[in-house]
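See below for the structure under consideration.
Given below as C-alpha cells:
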C-alpha cells in the first residue's frame, strides 16, 4: 500500500488519555490494497486511541455503505455495513502482528499504521451472501429474477406424504392405530 501517510498515527507526542481520529473511506482506499470487489464505498471510520504509560489501546468503529452486486440477480445496490474491533499495542524487541487483537511494535517506534486494521475490519463486516433488499421484499423487477422464478415453477411438484409411503410401514402404522382403539 502506498498511500499510508494519512493512516499513520504518531503517538509519541500525545498526552496520556483518549484521542479520536476520523477517516472517510472510499473506493480508492481499497484500490491501494488491490481489492476491487466493491463498485463504490462510503464508510466513516472512527478510531479512538487510548495512550497509557506502557501500551496503547485502539478502538475502531465503522459505519457506511458499499455498492456491491447482488449474488442472485447481479444488480448493484448499496449494502449498509457496520462493525468494530479493538487492538492492544504493546512494545517489544521486534514487530509482530500475528495476533489479530495484539500488535507488538519495536521499542523506539513513534507511530502506528492503522490502514491494515481498517481494511480487514471493513472486509470482514461484509456478509458472504449479498442479496438485494428488493429480492427479499419482492419489489425488485429484473430479468434474472423472472427466469429464476420460471425455472423454480418447472420443477417437479412436491408429492404429498401419503403418496410417498412404503406399504410395509403402512401395515406397522395400522398396528399402532388398532392398538389405541
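Residue numbers (my numbering): 319 to 499.
Don't be surprised by glycine CBs; every beta carbon is placed ideally from N, CA and C.
Cα-Cα separation between residue 389 and residue 448, rounded to whole angstroms = 6 Å
query = Is the stretch 384–398 close to the stretch 364–376, with three or more CB pairs under 8 Å?
reply = no
request  = Could you name the residues of the same chain whose beta carbon sits closer than 8 Å to that of residue 425, not counting the 5 residues immediately before and after it, in chain order?
outcome  = 409, 410, 411
inquiry  = Alpha carbons only, please: which of 384, 326, 432, 413 is nearest the one belonging to residue 404?
reply    = 432
ask   = Of the choices 348, 331, 324, 354, whose alpha-carbon is the least far from that of residue 340?
value = Nearest of 348, 331, 324, 354 to residue 340, Cα basis: 324.
message = Give me the residue from 376, 354, 357, 353 with the minimum Cα distance to residue 363.
response = 376
key: Element boundaries [alpha helix (DSSP H), containing residue 440]   = 433–443
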